[in-house]
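Some notes on the structure that comes next.
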Amino acid sequence: MLELLPQQLANGLALGSTYALVAMGLTLIFGVLLIPNFAHGELYMLGGFLTYAGVTAGLDFWLAAVLATVLVMGLGVLVDRITFKPLEQASGLSLMISALAMSIVLQQIATITWGTEPRTIPNPVPGILRTPFASLTYHKLLIIAVMVLGAVGLWAILNRTRLGLSIRAVSQNRDAALLMGIEMWKVRAATFAIGAAFGALAGALLGAAFPIYPTMGVIPVLKALVVLVLGGIGSIPGAILGGLLLGVAEVLIAGYISSELQDIGAFVILVAMLLVRPQGLFGRAQIER
Amino acid sequence: MSLLSVRNISVSFGGIHALSDISFDVPEGVVWGLIGPNGAGKTTLVNILSGLIRPTAGSIAFDGHEDGPWSMSRAVEIGIARTFQQTRAFNGLTVRENLRVAAVAGAGHALDLGIARRLGLEDSLDRVAGELPYALLRRLGVALALSLKPRLILLDEPAVGLTADEIDRMGALIRSMTADGVTVLLIEHNVRFLMSIADRVSVLDRGRLLFEGTPAECQRNPQVIDVYLGRGGEDA
Amino acid sequence: MHGLTRPLLVSLVVLAAALAAVPLLNEYVLYVAMLAALFAILAVSFDVLLGFTGYLSLAHGALFGVGAYCCAYLTARAEVSFWLALPASALLTAVIGALVAVLAFRTRDLYFAVLTLGIGLVGHQLFLVASGITGGIGGFVGIPSMPEIALFGSPSQQKLVVALIGVWITYLAATAFVRSPLGVACQAVREDHVLAQALGIRIAVARLSAFVFGAFFAGAAGALFATFSNFVAPESFAVLAAGFQVVVLVVVGGMGTLWGPILGAVLLTALPESLRVASTYSLLAYGALLLAFIIFAPRGIAGFLIDGARRLRSARAGREPSA
Amino acid sequence: MTRKHLLAAAVAAAIAGQAGAAETVRIGELHPITGPASYYGLPESQAIRLAAEQINAAGGLDIGGETRMIEIVSGDTQASPTGGVAALRKLMADGVQIIIGPLSSGVAPALTPIIASADVVQIVDGSIAEGLTDGRRMFRNQATVGDYNLALERLAKARGYDSVAIMTDRFHAGFMESQDDLTAVFSEQGNAVVAEEYYKLGDTDFSGQLTTIAGADPDALIVRGYPSEGALITRQVRDLGYEGQIVWEMVSPPSTVMKNIDAATMEGVLNAIPPTTEDYLNLGNPRAIAMAEAYEATYGSVPGELAALSFDALHIVAAAIEKAGSIEPADIAGAMATLTAAEVPALINTYGAQEDGRLFDETGQVSLPGAVSVWQGEGWVPLTDLAAD
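Protein sequence lines correspond, in order, to chains H, P, B and Y. For what it's worth, the numbering used here labels the leading residue of the first sequence as 7, then goes sequentially. For what it's worth, the numbering used here labels the leading residue of the second sequence as 2, then goes sequentially. For what it's worth, the numbering used here labels the leading residue of the third sequence as 275, then goes sequentially. For what it's worth, the numbering used here labels the leading residue of the fourth sequence as 626, then goes sequentially.
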């Protein structure tokens, strides 16, 4: 069994990268705006469906993915306007319920538009990279690469642009940022657009290997929430590390303990993390007395 | 014998000493003022006395209870109540419900509307706290603390943001508390207000106790004038 | 406790009216009404935690399942009488609820929601994996029916009567709870837990009792569900099934009132049934309804009714309705 | 298109119901018409309606000399136990005493206690879970999961696999229940089970389990579940370098398979289940072809894999009613218990006859042995050397 470990670790990192990719958008929005956007899973789903629609209409995969991402970015801003903006003064509880409601609405709109039968986009990068230790499909390597590039890109936007500075200022202290003349609506729109872009990109890429259907976002967003708690809600490095950690843990549980316990294992890790270190690996302390 | 006895209290947050080695004694039935510039550690001290945070070192005794520092619920149980600098009330509940929560759930006795009358809240009982005008909200904060029938009340800047009339009214209220046998520990930025009602004054500066004495002595003390009064003027 | 006379009388009248309607209903309506009643029990007890204490728990569906499987096991395998199994299931669920609460209350807000979501998912998975007790994915088959009550009606009518009385008891117990010092303390926790602590309120005790209260009645509702259905499967207790549904019932009915969630349960069980033909659109309507309520009417149907009654009263008193 | 037809049929049924309520025989069908499972449920529902329309067009039912039309009443189970019970109660409250369905193994056991204590006769045309029939009021013209496994067991024996690995969808009630029996038979036959792994409906990454399986390198990998995941598993285990025989045990329309895997990777994969509509079409079964043509003409789509079973179920009910000369559930059930395949000439499926020639055994179960097909090109082709006896 141990000789399979390199392969299992590679599997885990590939799986973890998909989790991290979905979780990054979610954590950005929460970190900056304190909004738990459960509808992120549906943005991911729409990324998949819109890319599918583009490819079926004859577009090249990459063009379709980019177009879908741009569309979903707009949709992300729209979701904010409808779901969260009217609740600016309300409690976190209302935000969570509102987000859950929006994800049902988006799922049903997709059901009515596309039906429930799963679809797939032809894989743009077929083939497998085989090494003596482990083999990974090029598709998985692509996801890992996009995850890394996305993280670097996000870091650059946050740390090297004026917009990024505003976003960081709001995430540090919203009131002070407002006093300094930062326009909140711009930060909001940008944050939702960037967050949605991550969701859409993940949907487009994963849709090229896995079935696309209206409720496909439910599980990834649940996993992303686990990732957020592991890494620390609102932390980008936390989302990446938490995602990889969860992916590796799940694969190792399935590979070495029991595949029946794979889901339980993931959530036991979640519960354990909340008990030992409620703020997560990189989170700011938020400990209940 | 003093009602409250604070011995060698120190606390640090992430390596920064917020309070170091604070000791003082508050006798029963006085208004004890506590002043100091921003960041001197006044609110930290109130937080420790009320059990919101734990000091790194030191002990507190209160009214025969030697086991301090204590938890918030223990502090209330032995007769210490507090207000907050940014007034806190249950914003979604009415004034009456607020007082009821404090009386029934907090202190464990029936709702006493006498406190509402004393604070001039009797006409606002059915208004939702979140919609009260600022001055009434501040009075509600004090009313909540008084509902616990404490022996010591810690008031964290009760006069901030009030008009001159309101400040006078608050001053009278604080004096009347001592008449009822409630000892008051008063943190204030408004030095004139504090000096006019305090029996004794302590001055904190950067986590250390700089001075203790009567208001008159305080105003004459060169050190105090230097670090505090001299720097920002009366209403800094 | 003196304030309980009015809710007692009003609820008795409503219960009597509901009971009087039972003989008029056919088997299908009896079944749907029975489901609505069970969801009303769940919703009312859940509102003590969500509406009165301010914590969004997504583990409630799993606790509902604990009650159901517990009753199934006791009556089918251990051959315990249902009338004994019912309180036993509720108590066991309360104990498990207390354990969950001790874990979960180390966090709050979003963390609390995510943690209870995780616990709810683990619970659902355990129902699947512990197939020796639960029957796994195939479900628990052959749960004995509730013993017949000789006095009246058909078995289906008796089920509905028991369920309605269950709603009534839950409502009264919840009313007594939220008016007790503990319940008042819960509302303080909901509004501002630091201030609550400063007022000497033992917030840990308050919110723990709210959670355990909810778990107890979730267990009772689960036990009733098991004996009424003769069959239970893990799917009914998934986070996204019962766990989420109960949130919707409470929000649409009216958080922070105890009769609102009953209205929510009745309307939202009846509505999809009457719209059976178009169930894709009905789920869309469900989501849109929830969204509309949380944004435009966060106090739910109960909020509308309360405002309406107030306007009516002030109009009758000859004054302008206040804003 | 489909919805329009449904609506038209519903309107027609409503008018027929008003015009001559006394003359129709009301037959209820319970399938998931909406929701994710509608992909399987809707074709079943439509096949039943098609069969009823054909019988009505041919003059209706002859019940003791009196002619009556069939009226189909649909109940949507939404593939959930409570939804299924509500739909059944609704049918019963509307006076329906003959029930065809349900599809889902998660729904069927919830209906059983209600049907057992009511004056109703049921024929299950979808669920393969064990123990749903009693031979008195409850019958089934679908295979049980045990029947499913027979073909698999025969295949493993015939091919002499020394080692097998099993991947099972743990959300599939029927497959989970029969897992222990299957592994016991394999061990007895000398097919050593070297790995038993699980996944669930909707999973997309199976790498943890499949790495273990590929590492054990069994002669055969058996995948039990639904085709979306089956295709992903097949693709992913090949990516991991596994080269042994892959055997599916699932109803798997090629259209769904092809959405998740390329034909080249599927080539040579075996599938061991009772024949589906598609298999009968491939085998040139004239009744299957006629049904498929009528179905396409009416609904504008190809019939689903399970449509033949539903189509048969209505014909069995119709034959039993005519044989009984009554629409009383007890009489219909009595007639159904003694029915022979010859008395139902419209049947598409080739059911194995019981010893005394009857269609159903003592417990109300048909014999519908599985067969093995192999994937060639873009679809399944029956394997003649392993065909059902």
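Every residue gets a Cβ at the ideal spot worked out from N, C-alpha and C, and that includes glycine. Since we're looking at a predicted model, the values are computed, not measured.
When the Cα of residue i is compared with those of the options, which residue comes out closest?
i                      : options                    : result
residue 277 of chain B : B:585, B:451, B:590        : B:451
residue 44 of chain H  : B:382, B:474, B:294, B:514 : B:514
residue 520 of chain B : B:392, B:587, B:504, B:537 : B:537
residue 45 of chain P  : P:38, P:189, P:20, P:109   : P:20
residue 315 of chain B : B:368, B:405, B:491        : B:491
residue 998 of chain Y : Y:924, Y:911, Y:876, Y:797 : Y:876
residue 981 of chain Y : Y:964, Y:994, Y:971, Y:747 : Y:964
Mind checking if residue i is an interface residue toward chain H, Cβ cutoff 7 angstroms exclusive?
i                       : result
residue 337 of chain B  : no
residue 1004 of chain Y : no
residue 370 of chain B  : no
residue 836 of chain Y  : yes
residue 646 of chain Y  : Per-residue confidence for residue 646 of chain Y stands at a pLDDT of 45, beneath the threshold of 50, marking its modelled position as unreliable; no derived number is given.
Between which two residues does the beta strand (DSSP E) holding residue i run?
i                       : result
residue 303 of chain B  : Premise fails: residue 303 of chain B lies in the alpha helix (DSSP H), 301-327, not in any beta strand (DSSP E).
residue 656 of chain Y  : 649-656
residue 6 of chain P    : 3-14
residue 119 of chain H  : It is not in any beta strand (DSSP E) - residue 119 of chain H instead sits in the alpha helix (DSSP H) that spans 98-120.
residue 765 of chain Y  : 763-765
residue 135 of chain H  : 134-136
residue 1004 of chain Y : 1004-1007
residue 790 of chain Y  : 788-794
residue 696 of chain Y  : 691-701
residue 83 of chain P   : 81-83
Does any residue of chain B bring its CB to less than 7 angstroms from the CB of residue i?
i                      : result
residue 152 of chain P : no
residue 802 of chain Y : yes
residue 970 of chain Y : no
residue 883 of chain Y : no
residue 270 of chain H : yes
residue 107 of chain H : yes
Please list the partners that residue i has in chain H, where partner means a Cβ-to-Cβ separation under 7 angstroms.
i                      : result
residue 844 of chain Y : Result: empty, since nearest Cβ-Cβ is about 19 angstroms, beyond 7 angstroms.
What is the residue span of the alpha helix (DSSP H) that residue i lies within?
i                      : result
residue 5 of chain H   : Because chain H is modelled from 7 through 295, residue 5 of chain H falls outside the range shown and cannot be assessed.
residue 749 of chain Y : Segment 746-749 is the beta strand (DSSP E) holding residue 749 of chain Y; no alpha helix (DSSP H) there.
Check the Cβ of residue i against every Cβ in chain B and list those closer than 7 angstroms, keeping chain order.
i                      : result
residue 145 of chain P : 473
residue 754 of chain Y : 412
At a Cβ threshold of 7 angstroms, is residue i touching chain P?
i                      : result
residue 424 of chain B : no
residue 585 of chain B : no
Are the C-beta atoms of residue i and some chain Y residue less than 7 angstroms apart?
i                      : result
residue 114 of chain H : no
residue 261 of chain H : yes
residue 21 of chain H  : yes
Could you name the residues of chain Y that residue i contacts, counting a contact when the two beta carbons are closer than 9 angstroms?
i                      : result
residue 510 of chain B : 705, 706, 707
residue 110 of chain H : What residue 110 of chain H touches in chain Y: nothing, since even the nearest Cβ is about 13 angstroms away.
residue 547 of chain B : 711, 715
Measuring from the CB of residue i, is there a heavy atom of the ligand GDP at a distance below 6 angstroms?
i                      : result
residue 456 of chain B : Inclusion of the ligand GDP in the displayed structure is not the case, the ligand content being empty and no account of it being possible.
Run through chain Y and tell me which residues come within less than 7 angstroms of residue i, C-beta to C-beta.
i                      : result
residue 257 of chain H : 832, 833
residue 306 of chain B : 711
residue 415 of chain B : 734
Show which residues of chain H have a CB atom less than 9 angstroms away from the CB atom of residue i.
i                      : result
residue 536 of chain B : Those do not exist, as residue 536 of chain B stays about 19 angstroms from chain H at its closest Cβ, beyond 9 angstroms.
For a contact defined as C-beta to C-beta under 8 angstroms, what are the partners of residue i on chain Y?
i                      : result
residue 266 of chain H : 795, 823
Chain P partners of residue i, CB-CB under 8 angstroms?
i                      : result
residue 455 of chain B : 105, 106, 109
So which residues of chain P does residue i contact, with C-beta pairs closer than 7 angstroms?
i                      : result
residue 462 of chain B : 91, 102, 106
TODO: Give a yes or no on contact between the segment 233-249 of chain H and the segment 29-37 of chain H, applying the rule of three or more CB pairs nearer than 8 angstroms.
DONE: yes
Open item on the list: So, does the segment 387-398 of chain B touch the segment 326-336 of chain B, judging by three or more C-beta pairs under 8 angstroms?
Closed with: yes
Open item on the list: Tell me whether the segment 127-145 of chain P and the segment 61-78 of chain P touch, counting them as touching only if at least three CB pairs, one residue from each stretch, are closer than 8 angstroms.
Closed with: no
Task: Inter-stretch contact (C-beta, 8 angstroms, three-pair minimum) for the segment 817-837 of chain Y and the segment 854-868 of chain Y - done: yes
Open item on the list: Below 8 angstroms, how does it come out for the segment 138-146 of chain P and the segment 98-109 of chain P: are there three or more Cβ pairs, yes or no?
Closed with: yes
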